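Visitor: For reference, the structure I am asking about is given below.
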Amino acid sequence: MSDSKSLSRREFLRESAAAAAAFSVGLAATREAFAQAAAPATDEPIDFAFIGTGAQGSLDLTKALMAPNVRCVAVCDIYDPHLQNGLKIASKVYPQVKGYTDHREMLDKEKGITAVLMATPLNTHAPIAIDCLQAGKHVFSEKTMAYTVEDCKRMVQTARNAGKFLQIGHQRHYNPFYNHALKLVTADKALGQITQIRALWHRNNSWRRPVPDPKYERLLNWRLYKASSQGLMAELGSHQVDVVNWFLGATPTSVMGVGGIDYWKDGREVWDNVSVIFEYPNGVKLTYTSITTNQYDGYYEQFMGTDGTLIMVGETGGKLFREPKAGSLAWMELAQKAAGGGVNLDLSHSPGGGTGPGAAVEGAKMDPTFPYQAELASFFNCIRTNTPPVCSGDVALKAAVAILKANEAIEKGVKIELTPDLFTA
Amino acid sequence: MEQSVEPAVVRMSRFAMACNFEVLLWGRQRDYLEAAAQQALEDVRVLEGQLSAYRLLSEVDQINAAAASRPVRVSPQVFGLLEQAIRISTETGGAFDITVGPLVRCWGFYQRSGRVPSAQEMETARAVVGYQHLRLHHESMSVSFDAEGVEINLGAVGKGYAVDRIVEYLVSLGIPGALVDAGRSSSYALGTQPAGEAWRLGVEHPLDPDRRVAVLSVSNVGVSNSGPTQQFFEADGVVYGHIIDPRTGWPAQGILSAVAIAPTAAESDALSTAFAVMGVEATRAYCEAHSGVRALLVPRPQAGDRVAPVAVGLNEQELEWMVL
Chain A
-11 MSDSKSLSRR EFLRESAAAA AAFSVGLAAT REAFAQAAAP ATDEPIDFAF IGTGAQGSLD
49 LTKALMAPNV RCVAVCDIYD PHLQNGLKIA SKVYPQVKGY TDHREMLDKE KGITAVLMAT
109 PLNTHAPIAI DCLQAGKHVF SEKTMAYTVE DCKRMVQTAR NAGKFLQIGH QRHYNPFYNH
169 ALKLVTADKA LGQITQIRAL WHRNNSWRRP VPDPKYERLL NWRLYKASSQ GLMAELGSHQ
229 VDVVNWFLGA TPTSVMGVGG IDYWKDGREV WDNVSVIFEY PNGVKLTYTS ITTNQYDGYY
289 EQFMGTDGTL IMVGETGGKL FREPKAGSLA WMELAQKAAG GGVNLDLSHS PGGGTGPGAA
349 VEGAKMDPTF PYQAELASFF NCIRTNTPPV CSGDVALKAA VAILKANEAI EKGVKIELTP
409 DLFTA
Chain B
611 MEQSVEPAVV RMSRFAMACN FEVLLWGRQR DYLEAAAQQA LEDVRVLEGQ LSAYRLLSEV
671 DQINAAAASR PVRVSPQVFG LLEQAIRIST ETGGAFDITV GPLVRCWGFY QRSGRVPSAQ
731 EMETARAVVG YQHLRLHHES MSVSFDAEGV EINLGAVGKG YAVDRIVEYL VSLGIPGALV
791 DAGRSSSYAL GTQPAGEAWR LGVEHPLDPD RRVAVLSVSN VGVSNSGPTQ QFFEADGVVY
851 GHIIDPRTGW PAQGILSAVA IAPTAAESDA LSTAFAVMGV EATRAYCEAH SGVRALLVPR
911 PQAGDRVAPV AVGLNEQELE WMVL
C-alpha cells in the first residue's frame, strides 16, 4: 500500500494545472485527447493483420486493439505457440480471426485488410514489409527498421511507390514526456547550446529467451545471432540514437566504436557490450554504451548544454538541471510552489557539485507501455485521415543507418564518415 | 547444454505493483529456468502499466478519467479482468467490489491517516460505490460509468491476475513446478516440489507474524491472504481495519485473516478480500456453492480469548494445524 502516498487523480490534475510548464501537464492533456479520440467512431472499422506475435508483438497487438473501431482479422506467426497466443488475444475482440503461418498466403486470402502490423526478427522486416506494401497495405513495423541500409531504403521507396504509409515503432515519438522535453529544448532553449550527449542502456542479464526445444534456439533467440540480428545497437541503441537525431534535428557525420563478446561466451554471435561515439554537426558528440553485465545506470538519454542538462530516464520521466550561471526558469519556480506536500513534482538540487541553484523537475509516474498505445492509435488515425505518420520510414531510416554504420565501424575497427545522402531514400 | 540429474532450482524476484514479486521454479536446466524467470518478471512491468490506478495513462487511469462521460476502450486482457471482477462481485453479493475506492479514501486509508468519516462524507462516497455503476460494452470492448465520481481500483485482484499470467507463461514453457507470489499475499502453487510433494504454504498468525496458524499443502491452485491487521487505526476504543465492506461503508470487523484457495490466483485474491468482509457463515455458503474454492478464516476472538481459526472445505491432506 505504499501507493497510498500518491495523489489522487483530481489532486494530480489540480497540481499539474498549477505547474503549467512542468512535464506532468502534458500527461493530463494527452489523457484528455485520448478520451476524446476514443469516442465511438462512426466510420467503417479498419481491418488489420498482425505478423509476429511473440513478446513484443503480443504487447503491440494488445495496444493496437485499444484503438477505436479496429479489428484484427488475421494473425500470422511461424511458431505455433506464438500464433496461438496472438489468436487468443485477437479473438476476444473478433472471434472469427484467422491464423496463418505464411504471410504471403495470408495476404492472398485476406484481401480485405487495410493494414499490417508486424513485430518479426530484424532480418525479415524488409522482405515482409515490402510484400505487404506491394499488396497495397499500410504497414507498421517494429524497430529497428531493417537489417541493412539497402533494405531500409527499399522499404521507404516501396511505400512511396505504393502510396501507402510506413510507420516504424520508435514509440518515444508518441511519448508525452519526450514531446514536452523537446519543447523545452527547442522552443524554450532550456539547455542553451547543446554540446554533448550521453545515452546508454545497461542491463545485467543474458538477453536470452527460454527455448523449450533446442531446434527453436535460432528462431526464439534471433537477437543473439548475426544472420537475424544487428545486436545491441539495433535492439536498444536505435531507439536512443533516434531520439538524438530527433532532438537535434540532425544526423551524425561520423561514427566509431568498439564492442565484443566478453562475458556471455555462450555461443552467441552478437556483441554483449558496445561503446560508440557519434559526431553530429557543430561539434556535438554522442557517446553511447550498451552493456549486459551491470544495470546500475538503467537506460537514459542525457543532453548537456551550456545552460542546462536534460535527462530522460526509462521512458517515463525526466529531469532538468540548470547550470548555475543560467539560473532558474520562471516555470521551475511555479512548479516548485505547486509541488507543496504532493509528490508529483520532486524538486532537488543537482547531484553533481557543479550545478548550483538549478532545480530538477521530475515527472509523475507514467505507464511505460502507454506510448505503444499512442503510436498505434496514431497509425490507425493516419490511415483514417490520410495523414503521414510521425515516425515514418524516412525518420526511422536515419536511426537505422546510424546504428548499422556504427556496427560496421566496430566490425572494421575504423572511423566512418557519414554523408547526408546515406540518410535519405 | 548438459543435463544434470539433480533438478535445478531458481528463485528470482522483482519489485512491481508496490510489492515484491517472487518466482521459485525448478526444472532440468538452470539457464533455461533463469531465462524463464527473468522474462516472466519483466512481463509484470507491462501488467503494472495496464492495471495500476496510480500510473498516469495506464488503462485504469484512462478509464477513471473518462468513463463517466463516454465508453473507454480497453485491452482484451483488462476487459476480461473487469468481467471476472464483476462476476465475483455478483457472486459475493457485493462483498468484493472494485469501485470501493471512494469509501477507502473517506476512511483515510489511501492517505494513511485513518479517521471515522462524517455521515455526509459516507453518504457522498456510498453514492458512487457499487459494481452496478460499471457498464461493460462487449461490442466495442469498452467500459463506462453511470455516474460522475465512480472509480475503479484493481488493487484487490490485480496482483493475483499478474501471478496467473506468470504461471500461464511458465506452463507454456513446460515448467513442471513453481511457486509464484506477489508480496506473499497472493500466490499460485504450480505442480509440485521437485520430489513430488505438494507446495507447503504457511498461514501467518494475524496477531503474531512470527508464528503460523496452519500450513497448507496445495498444488495447482491460487492461494491468497487478506486481513485488516497490517493497516488499521483506533478511535474511541474501536479498531477500524482498512478492508471496507462496500455494502455498508464500514470497515469489516469480524475477521482478522482470510485465506482463500481457488482455481486461479486472481480469484483467490478477490475472494480473500470478500471472505474477510463476509465472515465465516457466508464464506461457508460460498465455498459450498463453488467447487474448488476453500478457505481458512481467523475470526476476531473475544477479549482474552485465543484465536480459533476455522477451515472451510479443506481436507486432511491439505491442512495441518499448528499448535497455538
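Which chain is which? The protein sequence lines are A and B, in order. Per my numbering, residue -11 is the first one in the first sequence, and the count goes up by one each step. Per my numbering, residue 611 is the first one in the second sequence, and the count goes up by one each step. Even for Gly, the Cβ is constructed at its ideal location relative to N, Cα and C. All values reported here derive from a predicted model rather than from experimental measurement.
(1) Give me the residue from A:Ser46, A:Val389, A:Pro56 with the minimum Cα distance to Cys370 of chain A.
(2) Could you give the C-beta distance for Gly45 of chain A and Leu71 of chain A, rounded to a whole number, given that I count them as a contact under 8 Å?
(3) To which residues of the same chain is Leu121 of chain A closer than 8 Å at the C-beta, ignoring the five residues directly before and after it?
(4) Which residues, in chain order, does the segment 190 to 213 of chain A contribute to contact with chain B at a C-beta distance below 7 Å?
(5) Are Asp791 of chain B and Val813 of chain B closer than 8 Å when you measure CB to CB?
(6) Within the same chain, show all residues whose beta-carbon is closer than 6 Å to that of Ala394 of chain A, passing over the 5 residues directly before and after it, in chain order.
(7) Indicate the three-state DSSP secondary structure (helix, strand or coil) for Tyr288 of chain A in the structure shown.
(8) Measuring alpha carbon to alpha carbon, tell me which of A:Leu105, A:Gly74, A:Asn73 ends up nearest Phe36 of chain A.
(9) Kindly indicate which three-state DSSP category Asn925 of chain B falls into: helix, strand or coil?
(10) By DSSP's criteria, Gln155 of chain A is part of a beta bridge. Which residues make up the other side?
(11) What runs of the beta strand (DSSP E), each 3 residues or longer, lie entirely inside the segment 715 to 747 of chain B?
(12) Do Gln62 of chain A and Ile101 of chain A have their CB atoms nearer than 8 Å?
(13) At what residues does the alpha helix (DSSP H) containing Glu693 of chain B begin and finish?
(14) With DSSP as the reference, please indicate the residues paired to Gln184 of chain A in a beta bridge.
(15) Does the distance from the CB of Arg857 of chain B to the CB of Gly704 of chain B come in under 8 Å?
(16) Can you find a CB in chain A that lies within less than 8 Å of the CB of Pro686 of chain B?
(17) Considering only DSSP beta bridges, list what Phe411 of chain A is partnered with.
(18) Give me the chain A residues within the contact set of Arg638 of chain B, using Cβ-Cβ distance strictly less than 9 Å, ordered along the chain.
(19) Could you please give me the residues that DSSP links to Gly801 of chain B through a beta bridge?
(20) Label Tyr268 of chain A either buried or exposed according to how many other C-beta atoms from any shown protein chain fall within 10 Å of its C-beta, with 16 as the threshold for buried.
(21) In this structure, how does DSSP classify Val63 of chain A when only helix, strand and coil are distinguished?
(22) Taking the beta strand (DSSP E) that Glu844 of chain B belongs to, which residues open and close that run?
(23) Are the C-beta of Phe411 of chain A and some C-beta of chain B separated by less than 8 Å?
(24) Quick one: measure Cβ to Cβ for Ser557 of chain B and Gly770 of chain B, integer angstroms, because I've assumed they're closer than 8 Å.
(25) Leaving out five residues on either side along the sequence, give the residues of the same chain with a beta carbon under 6 Å from the beta carbon of Val654 of chain B.
(26) Thinking Arg775 of chain B and Leu657 of chain B are a contact (beta carbons under 8 Å), I'd like their distance in whole angstroms, please.
(27) Quick check on the burial criterion: 16 or more other C-beta atoms within 10 angstroms. Buried or exposed for His748 of chain B?
(28) Which residues in the same chain as Val58 of chain A place their Cβ atom closer than 7 Å to its Cβ, once the five residues preceding and following it in sequence are excluded?
(29) Does Val633 of chain B get closer than 8 Å to chain A when you measure Cβ to Cβ?
(30) If you drop the 5 nearest sequence neighbours on each side, which residues of the same chain put their C-beta closer than 8 Å to that of Tyr284 of chain A?
(31) Helix, strand or coil, according to DSSP, for Pro861 of chain B in the structure here?
(32) Kindly list, in the order they appear in chain A, the residues whose Cβ is closer than 9 Å to that of Met751 of chain B.
(33) If you measure beta-carbon to beta-carbon, which residues of the segment 303 to 315 of chain A are closer than 8 Å to chain B?
(34) So who's on the other strand from Ser263 of chain A, going by DSSP bridges?
(35) Here's the rule I'm using: 16 or more other beta-carbon atoms within 10 Å means buried, otherwise exposed. How should Ala487 of chain A be labelled?
(36) Helix, strand or coil, according to DSSP, for Ser754 of chain B in the structure here?
Guide: According to the data block:
(1) Translated into positions along the first sequence, residue 370 of chain A becomes position 382. Among A:Ser46, A:Val389, A:Pro56, the Cα nearest to that of Cys370 of chain A belongs to A:Pro56.
(2) Translated into the one-based positions of the first sequence, residue 45 of chain A becomes position 57. Translated into the one-based positions of the first sequence, residue 71 of chain A becomes position 83. Not confirmed; about 10 Å, so no contact.
(3) Stepping through the first sequence from its first residue, residue 121 of chain A is reached at position 133. Val127, Met143, Thr146, Ala147, Ala150, Lys152, Leu154, listed in sequence order.
(4) Asn193, Ser194, Arg196, Arg197, Pro198, Pro200
(5) If you number the second sequence from 1, residue 791 of chain B lands on position 181. If you number the second sequence from 1, residue 813 of chain B lands on position 203. Contact: no.
(6) As a first step, residue 394 of chain A must be located in the first sequence, where it is residue number 406. Within the same chain, Ala394 of chain A has close Cβ partners Met221, Val243, Gly245, Val264.
(7) Working through the first sequence from its first residue, we reach residue 288 of chain A at position 300. Looking at Tyr288 of chain A - three-state DSSP - the assignment turns out to be strand.
(8) Position 48 of the first sequence, counting from 1, holds the residue named residue 36 of chain A. Here the closest residue by C-alpha is A:Leu105.
(9) Translated into positions along the second sequence, residue 925 of chain B becomes position 315. Asn925 of chain B: coil per DSSP, three-state reduction.
(10) Here the question's residue 155 of chain A lines up with position 167 in the first sequence. Partner(s): A:Phe128, A:Ser380.
(11) 744 to 747
(12) Locating residue 62 of chain A in the first sequence gives position 74, where the first residue counts as 1. Locating residue 101 of chain A in the first sequence gives position 113, where the first residue counts as 1. The sequence shown places Ala at residue 62 of chain A, rather than the Gln named in the question. Cβ atoms of Ala62 of chain A and Ile101 of chain A: closer than 8 Å.
(13) Position 83 of the second sequence holds residue 693 of chain B. Counting along the chain, the alpha helix (DSSP H) containing Glu693 of chain B begins and ends at 686 to 701.
(14) As a working mapping, residue 184 of chain A is identified with position 196 in the first sequence. Partner(s): A:Lys273, A:Met292.
(15) Taking the first residue of the second sequence as 1, we reach residue 857 of chain B at position 247. Taking the first residue of the second sequence as 1, we reach residue 704 of chain B at position 94. Against a cut-off of 8 Å, the Cβ pair of Gly704 of chain B and Arg857 of chain B comes out as a contact.
(16) By 1-based counting over the second sequence, the position of residue 686 of chain B is 76. For Pro686 of chain B, the answer is yes, since a Cβ of chain A falls inside 8 Å of its Cβ.
(17) Indexing the first sequence from 1 puts residue 411 of chain A at position 423. Note: Phe411 of chain A sits in no beta bridge, so no partner.
(18) As a first step, residue 638 of chain B must be located in the second sequence, where it is residue number 28. Here the premise fails: no neighbours, minimum Cβ distance about 11 Å.
(19) Counting from one through the second sequence, the residue named residue 801 of chain B turns up at place 191. Its beta-bridge partners are B:Gly787.
(20) To locate residue 268 of chain A, count along the first sequence from 1; it is residue 280. Tyr268 of chain A should be labelled buried.
(21) Along the first sequence, read from residue 1 onward, the residue named residue 63 of chain A stands at position 75. The answer is strand: DSSP assigns Val63 of chain A an E or B state.
(22) Indexing the second sequence from 1 puts residue 844 of chain B at position 234. Unbroken beta strand (DSSP E) run through Glu844 of chain B: 842 to 845.
(23) As a working mapping, residue 411 of chain A is identified with position 423 in the first sequence. So, not an interface residue.
(24) The requested residue 557 of chain B is not part of the displayed model; chain B covers only 611 to 934.
(25) For the purposes of this step, residue 654 of chain B is identified with residue 44 of the second sequence, where counting begins at 1. If we look at Val654 of chain B and ignore the five residues flanking it on each side, its Cβ neighbours are Ala626, Phe631, Ala772.
(26) On the second sequence, position 165 is the one that residue 775 of chain B refers to. On the second sequence, position 47 is the one that residue 657 of chain B refers to. Yes, they are in contact, since the Cβ atoms of Arg775 of chain B and Leu657 of chain B sit about 6 Å apart, within 8 Å.
(27) In the second sequence, the residue the question calls residue 748 of chain B occupies position 138. When all chains shown are included, His748 of chain B counts as exposed.
(28) As a working mapping, residue 58 of chain A is identified with position 70 in the first sequence. Hits under 7 Å: Pro33, Ile34, Phe36, Ala52, Phe368.
(29) By one-based count along the second sequence, residue 633 of chain B stands at place 23. Closer than 8 Å: no.
(30) Indexing the first sequence from 1 puts residue 284 of chain A at position 296. Excluding positions up to five away in sequence, the list reads His190.
(31) As a first step, residue 861 of chain B must be located in the second sequence, where it is residue number 251. Residue state, collapsed to three classes: strand.
(32) Indexing the second sequence from 1 puts residue 751 of chain B at position 141. Going along chain A in sequence order, the residues near Met751 of chain B (Cβ under 9 Å) are Leu53, Met54, Lys80, Val81.
(33) none
(34) Along the first sequence, read from residue 1 onward, the residue named residue 263 of chain A stands at position 275. Looking at the DSSP assignment, Ser263 of chain A forms a beta bridge with A:Val246, A:Thr277.
(35) For chain A, the structure presents residues -11 to 413; residue 487 of chain A sits outside this window and is missing.
(36) Counting from one through the second sequence, the residue named residue 754 of chain B turns up at place 144. Three-state result, Ser754 of chain B: strand.
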